[in-house]
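Below: one structure, written as structure tokens.
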Amino acid sequence: MKTKITCWQGVIAAVLTGSIGMADSACCEVEAEPEVPACCVEPMPSLAAELPAESIYQLDFTFIDDSGASRHLTELRGQPVLMAMFFAQCGYACPLLVRDMKSVIAGLPADVAKDLRVLMVTFDTGRDSVDALRTYRETNDLDERWVLLRASPADTRTFAMVVGVQYRQEPSGDYSHSNLITLLDQDGVIAHRRSGLQGGLDGLGEATVRFAEMTP
């Protein structure tokens, strides 16, 4: 899928140069099994020489979690990560994404499930405050493996572009959005992706086990 790589290279170039409008035009439709995008902005100095160029952990953004603490993506390095973008007031698709990720976790061997992390980044920067994220954790019974993050509107938009999520706010305040569950390897490189809300969980679980076994 060479055209997919070219598309993502356009996004990468736009992120690096700060031409966000150019990045918007470079975005392409996400397929169920896209090529791994290479994406980076200014890397964190301590890890820049070691992270693969394709790692989303190259994004040196400051996120805020549901406890109010500042977080960086590199903190997740070292184990596979399931990732999705969402908004807390979503009444249909996002609850299904959470359900499906829980289902994947439940089907994993105990040692793999124990070390797995689940990253959820909201694109509803206006409404998903720290308190809203904390309530979302409690309401959905998400344990300490789940990392709920918010960022500035600009950083959120850039993050979404580099991970292949498209979203648009509707007049109601809710969002139309891509439904993706992405598996990151231990270095934050996209290893597998389930697109849509139907099927694909067996493949996602198998990929999670495979990459967990490859983790030192």
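For the sequence shown, the working numbering assigns the number 118 to the initial residue and increments by one for each residue that follows. Positions of the beta carbon are idealized from the N, C-alpha and C atoms, including for glycine.
Counting the other CB atoms within 10 Å of its CB gives residue 172 a total of 16 or more, which places it among the buried residues.
The segment 171 to 236 is shown to contain whole alpha helix (DSSP H) runs of 4 or more residues at 210 to 223 and 227 to 232, in chain order. About 15 angstroms separates the Cβ atoms of residue 214 and residue 322, ruling out a contact at the 8 angstroms cut-off. By the Cβ test, the segment 226 to 235 is in contact with the segment 258 to 277, since at least three Cβ pairs between them sit closer than 8 angstroms. Assignment of residue 314 by DSSP, reduced to helix, strand and coil, places it in the coil class.
Residue 300: member of the beta strand (DSSP E) spanning 297 to 301, first to last residue. The continuous stretches of beta strand (DSSP E) do not include residue 250, which lies in the alpha helix (DSSP H) extending over residues 247 to 256. Here the C-alpha atom of residue 202 lies approximately 8 angstroms from the C-alpha atom of residue 211. Boundaries of the beta strand (DSSP E) harbouring residue 285: 284 to 286, taken from the DSSP string. As the crow flies, the alpha-carbon of residue 221 is around 8 angstroms from that of residue 319. In the DSSP assignment, residue 267 falls within the beta strand (DSSP E) that extends over 263 to 267. Distance from the Cα of residue 209 is smallest, within the candidate group 169, 181 and 291, for 291. Within the same chain, Cβ atoms closer than 8 angstroms to the Cβ of residue 244 are found at 204, 205, 206 and 290, the five residues on either side in sequence being excluded. Excluding sequence positions up to five before and after residue 230, its CB lies within less than 6 angstroms of the CB of 222, all in the same chain and listed in chain order. The alpha-carbon separation between residue 303 and residue 324 amounts to approximately 13 angstroms.
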